[in-house]
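Q: Before I ask anything, let me first share the structure, which is written out below as structure tokens.
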Amino acid sequence: MADNIYDEIEIEDMTYDPITQLYTYPCPCGDKFEINSEDLRDGEDIAVCPSCSLMIRVIFDLEDLEKDGSAGAGSSGLV
Numbered sequence: 001m002a003d004n005i006y007d008e009i010e011i012e013d014m015t016y017d018p019i020t021q022l023y024t025y026p027c028p029c030g031d032k033f034e035i036n037s038e039d040l041r042d043g044e045d046i047a048v049c050p051s052c053s054l055m056i057r058v059i060f061d062l063e064d065l066e067k068d069g070s071a072g073a074g075s076s077g078l079v
């Protein structure tokens with residue numbers, strides 16, 4: 001499985017969608033690597049591309065997730 005690790009990406013370089021709670025990053029195949037914020041909190045650090053076999057390792061601190069999980073970066077505020 002480690003053979004398919006394409007790169008290591010800082011979580012700050014990924015896009016966070018507060019509605020889907022997904023972090024995404026462009027994949028060379030044209031799709032996007034994605035990982036759920038809950039998976040990151042559970043210790044997972046591998047984001048997968050649904051269209052190809054590539055994966056990336058996400059570099060993050062738990063504090064980064066706390067910001068995004070509530071009303072932090074990428075959030076537009078009140079609903």
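Per the UniProt record's numbering, numbering of the sequence shown is gapless, rising by one per residue and ending at 79.
A virtual CB, placed ideally from N, CA and C, is assigned to each residue, including glycine.
On a predicted model such as this, the values are computed, not experimentally measured, just so you know.
#1: Would you mind stating whether residue 5 and residue 60 have Cβ atoms separated by less than 7 Å?
#2: Leaving out the 5 sequence neighbours to the left and right, which residues in its chain are closer than 6 Å to residue 49 when beta-carbon positions are compared?
#3: Determine the DSSP secondary structure at residue 17, reduced to helix, strand or coil.
#4: Just how far apart, CA to CA, sit residue 58 and residue 15?
#5: Evaluate residue 19 with the Cβ neighbour count: other Cβ atoms within 10 Å of its Cβ, from every protein chain shown; 16 or more gives buried, anything less gives exposed.
A: Checking against the coordinates, here is how it stands:
#1: The count along the sequence shown starts at 1 and reaches residue 5 at position 5. The count along the sequence shown starts at 1 and reaches residue 60 at position 60. Contact: no.
#2: For the purposes of this step, residue 49 is taken as the residue at position 49 of the sequence shown. In chain order, 27, 31, 33 place their CB closer than 6 Å to the CB of residue 49, counting only its own chain and leaving out the 5 sequence neighbours on each side.
#3: The residue labelled residue 17 in the question sits at position 17 within the sequence shown. Looking at residue 17 - three-state DSSP - the assignment turns out to be strand.
#4: In the sequence shown, the residue the question calls residue 58 occupies position 58. In the sequence shown, the residue the question calls residue 15 occupies position 15. Approximately 12 Å between the Cα atoms of the pair.
#5: Indexing the sequence shown from 1 puts residue 19 at position 19. Counting the other Cβ atoms within 10 Å of the Cβ of residue 19 gives fewer than 16, which makes it exposed.
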